[in-house]
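Chains as they are written, first to last, in the numbering used here: chain A, 1 to 773; chain B, 774 to 1546.
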């Protein structure tokens, strides 16, 4: 058992192996990866799994979702905020730290069940003094403004004075290890004692002057007695450091507790921040560290009841899937509709914490089925930024609402016009100019969210308004080509970014058409049955019957390229005229090998694609295509997809299973589930791949379990269990019920109602009544 | 040749081996030692030999002499000021640095002739890219406000963009690696571009708000063409960072030059600092880096002409002695009479840059004989602080002037009342309470300075005033003991700090007596021949005939303990009654082994002493003792001295030679000369032992060369050449002449006049006329 690597109180506290992600030894080269894997988030903030004692190889970032700043960079990005992890222990000036000492024993583990990070180290310093340092940290989900660290420190072969530095580090900058990109997004407004002791630091973002306060107190106890003495506070520029020491005796354990709180002006008035933080810490200390941890664990218990997927007979994959679910669910915020989920969650700095189409297409289904309040917040986030999307459309010469390719807090386009490569070369980035399908994703997200949650209230009010404005955008984006009597979307990029730009990307055109069609029907529904909502919509949007009429024409005549006379959909106009290069070799992981042809020509000159594009369309709009169409297109494009994006394999896996090709589905899932754990994309140091975590969940639930919602709105379960699995078990919300779905090796399914009413479910083509467990 | 380890232009530039101190390989454990050894000073400031690229194990201190601050520490100490060394080079984010790369070739060398630090490294990064980085740095002595770095950077097996970070680091704090003592002595008042590029940073001391400005510019050239592009300035909190990049090509060398300037409010008004620094850098750039270096070298050429000691036949020792002379002469300041020389020069932080008795007793003779302007400044420093010394005496309940044991800028006592050990234990420090002989050292220093330099003007004016006030102190410090009809100084500590406090320390009592006697005679001289100075003195000091009369009595009746009926002087009253422990064993370096007896008792209970005490008295006041007395006491105390202080061996060496015991003298000199080079005291990381550098010089000149000034004022040379030496050659100033003294193996001496008039010299007992070379 992994917990056997920990001792005493800690061991008793930790969960069994299926919940534990272990770092069994320290390798500096792996440190940044583990910082990402071991990041903790409570939805409000996220902090990477950096070591308390700091070090040379670290990106010790803490982000509060929603605290963005641009300054002299290309885009508004999540500002690295003061890091409160710092606890340095010294014996006579010698740091007890992994980089300074010989490591006699090393274990760190993420306990996903309790959402805590545990460590157990035995470190020997240069003078041979050995210290056992164990501990846990957590960011409370019971109260997102409380977080802390508890260490158990035991001198193993010496007695003496141990010195403590309790640190809040405000020197942190974004892109800390990238000279060209380094940027400081905050300035310091306070670095002072919290109270008679402790530390309080306040920083403000440079552009908007949004203030964030962080405070902490540290205590050390032996046998329940407080023993920290000689406390001194120092403001070392942008570091707040509290010094203290205590007498340590061989074999006796000292407990060190650091209580931390953070607030921003988003939750409390600027002038109250220091008081707010102080009072929160006071309350935390009165409640007690372990009691707060208990409350936090209780919240996670409920979350896991809703979200956990259990696979019998496939231990490692079961745990890896749990890891993906853990990070995705931890980052979702059920309380704040002004934040989204960034492309790296809150675990790393790539993409600046921006929301992409990843949210709607990859992550939203998980939240809609499991945590509908969070899903609603993700939808509401888009509604809050509708005005900005309209301004964006105007700026680009279009009507309606064009959502930005990358979205931060204010809804302006955050995808930079210029990109600088690590080698310093600079190139114009056209993604924001050409890649419009994010607006389709927003529209589709509303449809899908409502389909899953039946949140008609959202649809009839906010949803309809967004869909109207996005439809308006598509209508204005389409060009009428008279000689062909059709509407076209030219100079556009679909999900496959290796062909940029193209004319008439099928995925984009199809979703534009769908958006128009869907909103026309929705408005009709409103008109017929929801006159109040209808009137409001018409008033707000200034929509006229004439405009709707125009939309009818556009959607009818929008060009959808395909190979005439066949079922083969064409990714974009002219795709089939490109050199037809096919993937022929697969490596030892069954991963496609880049065809030889790409050595002499660019992918854009061939039919080789980066990721699911037509197949993505089939995934989203499956009900509008025949099984035959889906299978043929899947087969065609699968042979031409190099999966250059982490967003690709999960979709191919789901669709492969749908058309009966499970040859690669299991391996795709494995790749996706271990993508970050094994650092398969080599960039986990930059953070967890958020879309992939959602993709993993979809692969299991939509792919292997075959969950879908039929046109009749009935939940359908039609599993394709891989031979490796003995059983699969997970929960879903559907309509007003919470269901447990249990699937056996032979694809037989049991659906039980955990909460809410009994309902009918289509299981393997049979309609069955799911009842209470 | 050491310079063969460098290439191209650098190799041509460097000096021959007797001038070079080489670090042949990189060992992190040795880094702090080499930072001290490789520190550079121009008298105005000192900067440790830290690496341009920074690192984990570093104490990258820069001090400007005179910029002190106390804040929450125990004492006013030299404030660590912003470090301007930072130049980081990156290839695609990978730092080209010794801690990050594989070191294929490593050489660093201090070129003492030119006072520059050179390096030559070949570093291979993780991706196998190899870069040759060579360079030099210097702090100009031709213009102490100019300093800079020149690097030669050559990619050996790649071409690409190299990124540069030009850094001024204001995050620096004193006692950086000692959690308990860490302190920030400055606050930042500016971190901004110098001009359209470059960096300007200004900090102020926290107590006195003394501002220091530091600015820099960086340029990169290939074939004479400026190639640095994409410049960006960032203020990262307390770091000023200028980013830039350039295209580097395999095998082509890029020259990077960093021009730096510093000014404080001591030299320029606060509001002019930025402009002053900018203009200085502009002037530096116009003049050119190599041209400024040339001017700097010319100054050093002159300094070496005056100061160099050449020993033939003993290469390593010759170079080690040069190393000591180099650091001592580099730190002396010929322009500023408000600064002294700290116990660690400007090369480390121990003792806070404070002046001790070390200045007068160990360092002053060197400066008086070689750089009399600097010696005069050291004397004037004490005169400037006479009022503070008077206040100090008053505070302690005495009259006259009591100089502080440790002296910074304002002359108040800087020796802390409390000391905290590294393990955190705290004890009361009585040094400032009991150790009064520093006041005797100041008085003796005046006498000795004038004896060597014949600066009668100083004596008759400032000197006489100091001596009067110190005499007054001693008179008030002495207690009359009626039953013994004698004056005593009780509760006092002499140079030997292992007996603290004692009654009637002979060294202290003797020098007090001497001070009184000397000033009485000086006043008499003034009265008889310098009535103006006499009147001024009487008026300034309020001295009366009655007081002088009292002094006569005190000095006559002051108790000088000795073993009655013998020549044996008693270190203090009751010393001979202590258990007589004698050193009996010597280790393989002929170093005394701590006697067994000290395992069960403290040194204070025995006659074992830390350092020269009676022997120090004999060294200073030799002319007042017979040769027999000197020999007997030397022999007695030598057997009881453990040399627990670096101030001890050199004095024993000098005195041993004087009494014909050259058995240990050569080894003592070797130990002293290599003390820092070989880190024999294990604390060279804290800085060069300043007193020891002066002691080394004295051992050679006063000991082996046997130089002294007779009672008739005539220069006497009476060498005791060790068998290891083939010849000894050095220069001195005496009266108004500069002399070259050349000594052969057989102790024959040639004295030539280099500058000034011919004069008579006593050589080996013969009076000879020294004439022009």
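Note that CB positions come from ideal geometry on N, CA and C, so glycine has one too.
_Start-end ranges of the alpha helix (DSSP H) lying completely within the stretch 367-394 of chain A, minimum 4 residues_ = The stretch 367-394 of chain A contains, as complete alpha helix (DSSP H) runs of 4+ residues, the segments 372-384 (chain order).
- [ ] Return the Cβ separation of residue 972 of chain B and residue 941 of chain B in integer angstroms, given the expectation that the two are a contact with Cβ distance under 8 angstroms.
- [x] Taking the first residue of the second chain as 1, we reach residue 972 of chain B at position 199. Taking the first residue of the second chain as 1, we reach residue 941 of chain B at position 168. Rounded, the Cβ-Cβ distance is 5 angstroms, consistent with contact.
Going by DSSP in three states, residue 477 of chain A sits in which element: helix, strand or coil? Locating residue 477 of chain A in the first chain gives position 477, where the first residue counts as 1. Correct three-state label for residue 477 of chain A: helix.
Problem set entry | Residues from the stretch 58-87 of chain A in contact with chain B, defined by Cβ distance under 8 angstroms | 72: these are the residues of the stretch 58-87 of chain A whose beta carbon lies less than 8 angstroms from some beta carbon of chain B, given in chain order.
ask   = What does residue 1007 of chain B reach in chain A if we use C-beta pairs closer than 9 angstroms?
value = Here residue 1007 of chain B refers to the residue found at position 234 when the second chain is read from its first residue. Ordered by position in chain A, the residues that pass the 9 angstroms Cβ test against residue 1007 of chain B are 72, 173, 182, 183, 184.
Practice prompt. Could you give the DSSP three-state label for residue 1034 of chain B: helix, strand or coil?
Written response: Within the second chain, residue 1034 of chain B is the residue found at index 261, counting from 1. It is a strand residue.
**Study point:** CB contact below 9 angstroms: residue 682 of chain A versus chain B
**Key:** Counting from one through the first chain, the residue named residue 682 of chain A turns up at place 682. So, not an interface residue.
| said: Can you give me the C-alpha to C-alpha distance between residue 1151 of chain B and residue 1202 of chain B, rounded to a whole angstrom? | reply: Within the second chain, numbered from 1, the residue matching residue 1151 of chain B stands at position 378. Within the second chain, numbered from 1, the residue matching residue 1202 of chain B stands at position 429. The straight-line gap from Cα to Cα measures roughly 27 angstroms.
Whose C-beta lies closer than 6 angstroms to the C-beta of residue 367 of chain A among residues of the same chain, with five residues either side of it excluded?
In the first chain, counting from the first residue as 1, residue 367 of chain A sits at position 367. Around residue 367 of chain A: 332, 374, 375.
Residue 964 of chain B - partner residues in DSSP beta bridges:
Along the second chain, read from residue 1 onward, the residue named residue 964 of chain B stands at position 191. Residue 964 of chain B pairs with B/974.
- Query: Contact check, residue 1288 of chain B vs residue 1216 of chain B under 8 angstroms by CB: the rounded distance?
  - Reply: Mapped onto the second chain, residue 1288 of chain B falls at position 515. Mapped onto the second chain, residue 1216 of chain B falls at position 443. Right, their Cβ atoms sit about 4 angstroms apart.
Terminal residues of the beta strand (DSSP E) in which residue 939 of chain B lies: Here the question's residue 939 of chain B lines up with position 166 in the second chain. Looking at the DSSP string, the run of the beta strand (DSSP E) that includes residue 939 of chain B is 933-942.
task = Kindly indicate which three-state DSSP category residue 1459 of chain B falls into: helix, strand or coil?
result = Locating residue 1459 of chain B in the second chain gives position 686, where the first residue counts as 1. Three-state result, residue 1459 of chain B: helix.
Alpha-carbon spacing of residue 1518 of chain B relative to residue 1093 of chain B, whole angstroms:
Position 745 of the second chain holds residue 1518 of chain B. Position 320 of the second chain holds residue 1093 of chain B. Approximately 20 angstroms between the Cα atoms of the pair.
Please compile the residues from chain B whose C-beta is within a distance smaller than 8 angstroms of the C-beta of residue 178 of chain A. The residue given as residue 178 of chain A occupies position 178 in the first chain. Residue 178 of chain A reaches chain B at 866, counting residues in chain order whose Cβ is nearer than 8 angstroms.
query = With a CB to CB cut of under 8 angstroms and the five nearest residues on each side skipped, what residues in its chain are close to residue 1143 of chain B?
reply = Sequence index remark: in the second chain, residue 1143 of chain B carries index 370 (1-based). Only 1079, 1080, 1102, 1504, 1505, 1506 meet the Cβ criterion.
Exercise for the section: Report buried or exposed for residue 1191 of chain B, applying the criterion of at least 16 other Cβ atoms within 10 angstroms of its Cβ. Expected result: Locating residue 1191 of chain B in the second chain gives position 418, where the first residue counts as 1. Looking at its Cβ environment, which holds fewer than 16 other Cβ atoms inside 10 Å, residue 1191 of chain B is exposed.
Original post:
Distance, Cα to Cα, residue 604 of chain A vs residue 394 of chain A?
Top reply: Residue 604 of chain A sits at position 604 when you count from the first residue of the first chain. Residue 394 of chain A sits at position 394 when you count from the first residue of the first chain. If I take the Cα positions, the gap works out to 31 angstroms.
Just to make sure I have the definition right: I need the residues of chain B whose C-beta is within less than 8 angstroms of the C-beta of residue 245 of chain A. Which are they?
The sequence position of residue 245 of chain A within the first chain is 245, counting from 1. Ordered by position in chain B, the residues that pass the 8 angstroms Cβ test against residue 245 of chain A are 953, 1197.
Would residue 230 of chain A pass as an interface residue toward chain B - the criterion being a Cβ-Cβ separation below 9 angstroms? Your numbering for residue 230 of chain A matches position 230 in the first chain. It does; some Cβ of chain B falls within 9 angstroms.
query = Which residues in the same chain as residue 241 of chain A place their Cβ atom closer than 6 angstroms to its Cβ, once the five residues preceding and following it in sequence are excluded?
reply = Here the question's residue 241 of chain A lines up with position 241 in the first chain. Excluding sequence positions up to five before and after residue 241 of chain A, its CB lies within less than 6 angstroms of the CB of 165, 167, 234, all in the same chain and listed in chain order.
- Message: Using only the alpha-carbon positions, how far apart do residue 1119 of chain B and residue 985 of chain B sit?
- Response: On the second chain, position 346 is the one that residue 1119 of chain B refers to. On the second chain, position 212 is the one that residue 985 of chain B refers to. Taking the Cα positions, residue 1119 of chain B is about 17 angstroms away from residue 985 of chain B.
Pick helix, strand or coil for residue 1315 of chain B, following the three-state DSSP scheme.
Residue numbering aside, residue 1315 of chain B sits at position 542 when the second chain is read from its first letter. In the three-state reduction of the DSSP assignment, residue 1315 of chain B falls in the coil class.
request  = Just tell me which of B/828, B/1274, B/1158, B/1213 has its CA closest to the CA of residue 1186 of chain B.
outcome  = The sequence position of residue 1186 of chain B within the second chain is 413, counting from 1. The shortest Cα separation from residue 1186 of chain B among B/828, B/1274, B/1158, B/1213 belongs to B/1158.
ask   = Taking Cβ-Cβ distances shorter than 7 angstroms, what residues in chain B pair up with residue 56 of chain A?
value = Reading the first chain from its first residue, position 56 is the one you call residue 56 of chain A. Listed along chain B are 829, each with a C-beta nearer than 7 angstroms to that of residue 56 of chain A.
Check: Which residues in the same chain have their Cβ closer than 8 angstroms to the Cβ of residue 1252 of chain B, if we skip the five residues on either side of it in sequence?
Finding: The residue given as residue 1252 of chain B occupies position 479 in the second chain. Taking residue 1252 of chain B as the centre and dropping the five residues before and after it, the same chain places the C-beta of 1260, 1261, 1262, 1263 closer than 8 angstroms to its C-beta, in chain order.
- Task: Rank A/571, A/451, A/230 by C-alpha distance to the C-alpha of residue 505 of chain A and give the top, closest one.
- Result: Locating residue 505 of chain A in the first chain gives position 505, where the first residue counts as 1. For the residues A/571, A/451, A/230, the minimum Cα distance to residue 505 of chain A belongs to A/571.
Check your understanding: chain A partners of residue 936 of chain B, CB-CB under 8 angstroms?
Key -> Taking the second chain and counting its residues from 1, the one referred to as residue 936 of chain B is at position 163. Within chain A, 179, 180, 424 have C-beta atoms less than 8 angstroms from the C-beta of residue 936 of chain B, given in sequence order.
message = According to DSSP, simplified to helix, strand and coil, what is residue 1361 of chain B?
response = Taking the first residue of the second chain as position 1, residue 1361 of chain B is located at position 588. Residue state, collapsed to three classes: coil.
Next on the checklist: To be precise: take each residue of the stretch 1339-1360 of chain B, compare its Cβ to all Cβ atoms of chain A, and keep it if any distance is under 9 angstroms. Which residues remain?
Outcome noted: Listed by position along the chain: nothing, the set is empty.
- Task: Within the same chain, show all residues whose beta-carbon is closer than 7 angstroms to that of residue 1041 of chain B, passing over the 5 residues directly before and after it, in chain order.
- Result: Position 268 of the second chain, counted from the first residue, corresponds to residue 1041 of chain B. Excluding positions up to five away in sequence, the list reads 1049.
Check your understanding: Near residue 1529 of chain B, which residues of its chain fall below 7 angstroms by C-beta distance, leaving aside the five closest residues on each side in sequence?
Key -> For the purposes of this step, residue 1529 of chain B is taken as the residue at position 756 of the second chain. Same-chain partners within the cutoff: 1509, 1510, 1511.
- Taking 8 angstroms as the threshold, find out whether the stretch 838-853 of chain B comes into contact with the stretch 1482-1491 of chain B through three or more Cβ pairs. Taking 8 angstroms as the limit for Cβ pairs, the verdict is that the stretch 1482-1491 of chain B does not touch the stretch 838-853 of chain B.
Going along the chain, which residues of its own chain have a beta-carbon closer than 6 angstroms to the beta-carbon of residue 928 of chain B, five neighbours each way excluded? On the second chain, position 155 is the one that residue 928 of chain B refers to. Closer than 6 angstroms at Cβ, skipping near neighbours: 904, 1021, 1023.
Closer than 7 angstroms by C-beta to residue 872 of chain B: which residues in its own chain qualify, once you throw out the five before and the five after it? Chain order, please.
Taking the second chain and counting its residues from 1, the one referred to as residue 872 of chain B is at position 99. Correct list, in chain order: 828, 829.
If we require 4 or more residues per run, which alpha helix (DSSP H) segments fall completely within the stretch 492-569 of chain A? For the stretch 492-569 of chain A, whole alpha helix (DSSP H) runs of length 4 or above, ordered along the chain, are 506-529, 531-541, 545-557.
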